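Sequence order for the protein chains is A and B. Mapping to my numbering: the first sequence position 27 is 43, numbers consecutive. Mapping to my numbering: the second sequence position 14 is 30, numbers consecutive. Written below as structure tokens is the structure these notes are about.
There are 2 protein chains.
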Amino acid sequence: MKAFHSYQNPSLAIDLVVFGYQQRTLSVLLLNRNEMPFKDTWTLPGAFLQMDERFKDTCSRVLKTKLGMDNVYLEQLYSFDEPERDPRGRVIAIAHYALINPKNFAITAGSMANDVQWFDIHQMPKLGFDHQEIFTQALQRLRSKILYFPVGFELLDDLFTMPELHELYECILDTSIDRRNFRRKILDAQYIINTGKKREGLQNRHPDLYKFNKKLPKNAFQLNIS
Amino acid sequence: MKAFHSYQNPSLAIDLVVFGYQQRTLSVLLLNRNEMPFKDTWTLPGAFLQMDERFKDTCSRVLKTKLGMDNVYLEQLYSFDEPERDPRGRVIAIAHYALINPKNFAITAGSMANDVQWFDIHQMPKLGFDHQEIFTQALQRLRSKILYFPVGFELLDDLFTMPELHELYECILDTSIDRRNFRRKILDAQYIINTGKKREGLQNRHPDLYKFNKKLPKNAFQLNIS
DNA sequence: TTAATTTGTGTCGAATTAACGCAAAGAAGC
DNA sequence: GCTTCTTTGCGTTAATTCGACACAAATTAA
């Protein structure tokens with residue numbers, strides 16, 4: 017077979033859009049490159065695919081070695097093939113996005129080198145390569161997916177309150193959602209389960225603590241949030 | 017950069033799920049391989065990505081040279097990375113799906129070699145490689161996409177009747193849809209335009225001929241077909 | 001105790017949907 | 001030409017869902 021020996025294949029890279037959420041802010045993790053090309057420019061984290069790796073292996077390697085994160089929600093996004101997207105040569109990028117929970121967010125936010133940084137998605141710097149486009153697609157995907165699949169929970173702790181979940185959805189969708197209708201729809205969709213516990217805290221009335229419903233029914237999707 | 021010189025990259029293949037529609041039947045185009053591996057087994061058409069090609073270039077090349085088709089609707093589907101998916105070595109597949117109109121369908125159906133064949137999606141043979149999985153994902157994508165984007169028209173002639181469109185949707189979604197509610201929703205969504213012409217033919221009442229609305233409004237999506 | 005804030009639950013009119021009726025247009029048979 | 005049958009276009013209505021609120025319970029601070 018020609019493809020295996022007679023010519024060089026394009027390089028295969030994995031690029032990662034890592035989302036985190038805290039304090040009513042949706043953030044992305046960016047790296048400041050310390051080598052050419054795009055030296056001193058912010059980019060998405062990534063790595064070249066090794067011969068024996070699956071995509072998710074490469075993702076985990078990047079998340080673990082560069083960012084110290086474990087057990088992260090991953091989803092393949094899209095593959096980018098523009099021949100000039102990398103000035104070093106032909107590189108195909110298989111983009112993925114990751115949703116990391118507050119535990120990992122806190123670890124990294126505290127211990128990160130100054131060439132790694134969380135950015136509010138509304139205040140991002142110019143990105144190198146075609147990473148602005150990749151990011152935009154990832155955000156779109158997250159926004160549409162959250163409307164028909166309970167994916168937001170990956171950004172919250174195991175236990176969370178209804179107002180916390182409500183704020184997360186408002187933040188991701190960048191819109192205001194009626195608190196009471198949101199509650200009704202999320203409960204109807206059976207995305208979450210009331211644990212009976214309450215969040216004891218600094219606030220006023222103590223809200224119920226919910227957890228994600230891991231065995232959700234085949235019906236009852238499509239939130240249709242107003 | 018290590019990735020460019022010091023080791024072999026995985027090969028990159030494009031695999032194509034080619035959908036066609038005629039006579040109330042949704043079909044897929046399959047190739048019977050005449051070499052190892054999977055000799056004499058039906059597979060999806062495909063090719064290796066050349067260094068100077070974009071994904072869609074490779075798709076067009078396959079469609080043109082192997083199947084004699086032009087001007088085909090193409091969409092990237094997903095990338096498949098299972099290391100053992102090809103017994104010859106590491107091959108990453110960037111799967112796409114294609115929707116071809118009846119003109120191309122007729123041409124190919126008439127002039128095809130006996131190693132190329134249309135199969136009703138309900139009566140497909142066992143496929144080689146991981147192509148069964150790729151096909152399944154393509155069908156899922158088509159079924160969900162048709163609910164929020166007017167993509168079915170790629171499978172019909174430029175002019176078509178309401179009953180024809182209705183049958184197409186029933187066939188793709190593999191369900192029965194109320195004729196009158198379907199009409200209302202498709203018209204509300206402004207997917208199509210009544211040309212004023214009628215289909216003169218063998219039937220009873222002559223149905224109106226519609227065409228696809230190429231400048232459809234930003235609002236008015238999401239069909240929500242019952 | 002009172003006031004202020006937050007959270008849980010319920011209500012109601014408006015909008016949307018699903019199910020179905022019916023008449024107009026054409027073809028076929030007599 | 002008339003009737004019958006099939007297909008297509010258009011309309012109606014009851015049931016459901018949705019969006020916009022009201023209100024009470026729980027908690028803290030004054």
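Note that the Cβ used here is the ideal one computed from N, Cα and C, for glycine as well. Fair warning: this is a prediction, and the values are worked out from it, not measured in the lab.
Residues near residue i in its chain [Cβ-Cβ closer than 6 Å; skip 5 each side]
{"i": "proline 103 of chain A", "result": "Pro53"}
{"i": "arginine 221 of chain B", "result": "none"}
{"i": "proline 26 of chain B", "result": "Arg106 and Ile108"}
{"i": "glutamine 92 of chain B", "result": "His112"}
{"i": "glycine 168 of chain B", "result": "Ile162 and Leu184"}
{"i": "isoleucine 241 of chain A", "result": "Ile193"}
Contacting residues, own chain, Cβ-Cβ under 8 Å from residue i (five flanking each side not counted)
{"i": "leucine 143 of chain B", "result": "Leu46, Thr57, Trp58, Thr59, Leu60 and Phe151"}
{"i": "valine 78 of chain B", "result": "Ile30, Leu32, Pro61, Gly62 and Ala63"}
{"i": "lysine 214 of chain B", "result": "His222, Pro223, Asp224 and Leu225"}
{"i": "asparagine 229 of chain B", "result": "Pro166, Gln206, Tyr207, Ile208 and Ile209"}
{"i": "cysteine 187 of chain B", "result": "Tyr37, Arg40, Thr41 and Leu42"}
{"i": "lysine 18 of chain B", "result": "Here the model assigns lysine 18 of chain B a pLDDT of 45, short of 50, so the residue's position is not dependable, and the following value carries that caveat. Result list for lysine 18 of chain B: empty, nothing under 8 Å."}
{"i": "phenylalanine 71 of chain A", "result": "Ile30, Leu65, Gln92, Ile110 and His112"}
{"i": "proline 179 of chain A", "result": "Arg195 and Pro223"}
{"i": "lysine 201 of chain B", "result": "Leu239, Asn240 and Ile241"}
Start and end residues, alpha helix (DSSP H) containing residue i
{"i": "threonine 152 of chain A", "result": "147-161"}
{"i": "leucine 203 of chain B", "result": "195-204"}
{"i": "threonine 74 of chain B", "result": "71-77"}
Residue i: first and last residue of the uninterrupted beta strand (DSSP E) it sits in
{"i": "serine 27 of chain B", "result": "27-38"}
{"i": "leucine 176 of chain A", "result": "Here the sequence assigns phenylalanine to residue 176 of chain A, which means leucine is not the residue at that position. Unbroken beta strand (DSSP E) run through phenylalanine 176 of chain A: 175-177."}
{"i": "phenylalanine 214 of chain A", "result": "The sequence given here has lysine at residue 214 of chain A, not phenylalanine. That run of the beta strand (DSSP E) goes 208-214."}
{"i": "phenylalanine 96 of chain A", "result": "89-96"}
{"i": "phenylalanine 64 of chain A", "result": "62-64"}
{"i": "serine 43 of chain A", "result": "41-48"}
{"i": "aspartate 131 of chain A", "result": "Here aspartate 131 of chain A belongs to no beta strand (DSSP E), and DSSP marks it neither H nor E."}
{"i": "aspartate 190 of chain B", "result": "Premise fails: aspartate 190 of chain B is in no beta strand (DSSP E) and is neither H nor E."}
{"i": "isoleucine 110 of chain B", "result": "107-115"}
{"i": "aspartate 224 of chain B", "result": "224-228"}
8 Å Cβ cutoff, residue i in contact with chain A
{"i": "serine 76 of chain B", "result": "no"}
{"i": "leucine 90 of chain B", "result": "no"}
{"i": "asparagine 197 of chain B", "result": "no"}
{"i": "methionine 17 of chain B", "result": "Bear in mind that a pLDDT of 45 at methionine 17 of chain B, under 50, signals an unreliable position, so the model cannot answer this."}
{"i": "leucine 28 of chain B", "result": "yes"}
{"i": "lysine 201 of chain B", "result": "no"}
is_contact[residue i, chain B] using C-beta, thresh 8 Å
{"i": "methionine 67 of chain A", "result": "yes"}
{"i": "proline 61 of chain A", "result": "no"}
{"i": "phenylalanine 71 of chain A", "result": "yes"}
{"i": "glutamine 24 of chain A", "result": "yes"}
Outcome for residue i when other beta-carbon atoms lying within 10 angstroms are tallied against a minimum of 16
{"i": "serine 43 of chain B", "result": "buried"}
{"i": "proline 141 of chain B", "result": "exposed"}
{"i": "aspartate 174 of chain A", "result": "exposed"}
{"i": "alanine 122 of chain A", "result": "exposed"}
{"i": "threonine 191 of chain A", "result": "exposed"}
{"i": "aspartate 97 of chain A", "result": "buried"}
{"i": "glutamate 216 of chain B", "result": "exposed"}
{"i": "leucine 172 of chain A", "result": "buried"}
{"i": "glutamate 100 of chain A", "result": "exposed"}
{"i": "serine 95 of chain A", "result": "buried"}
{"i": "threonine 81 of chain A", "result": "exposed"}
{"i": "lysine 231 of chain B", "result": "exposed"}
{"i": "leucine 218 of chain B", "result": "exposed"}
{"i": "threonine 211 of chain B", "result": "exposed"}
{"i": "asparagine 120 of chain B", "result": "buried"}
Cβ shell of residue i (< 7 Å), same chain only, five flanking positions each side left out
{"i": "glutamate 183 of chain B", "result": "Arg40"}
{"i": "threonine 124 of chain A", "result": "Leu83, Gly84 and Met85"}
{"i": "glutamine 133 of chain B", "result": "Leu46"}
{"i": "aspartate 146 of chain A", "result": "Phe96, Glu98 and Arg101"}
{"i": "isoleucine 137 of chain B", "result": "Leu42, Ser43, Val44 and Leu155"}
| field | chain B contacts made by the segment 92-116 of chain A, where a contact means CB separation under 9 Å | value | Among the residues of the segment 92-116 of chain A, those with a Cβ less than 9 Å away from any Cβ of chain B are Gln92, Tyr94, Ser95, Asp97, Glu98, Pro99, Arg104, Gly105, Arg106, Val107, Ile108 and Ile110, in the order of the chain.
| request: Below 7 Å between beta carbons is the criterion; list the residues of the segment 44-59 of chain A that meet it against any residue of chain B, in chain order. | output: In summary, no residue of the segment 44-59 of chain A has a CB separated from any CB of chain B by less than 7 Å.
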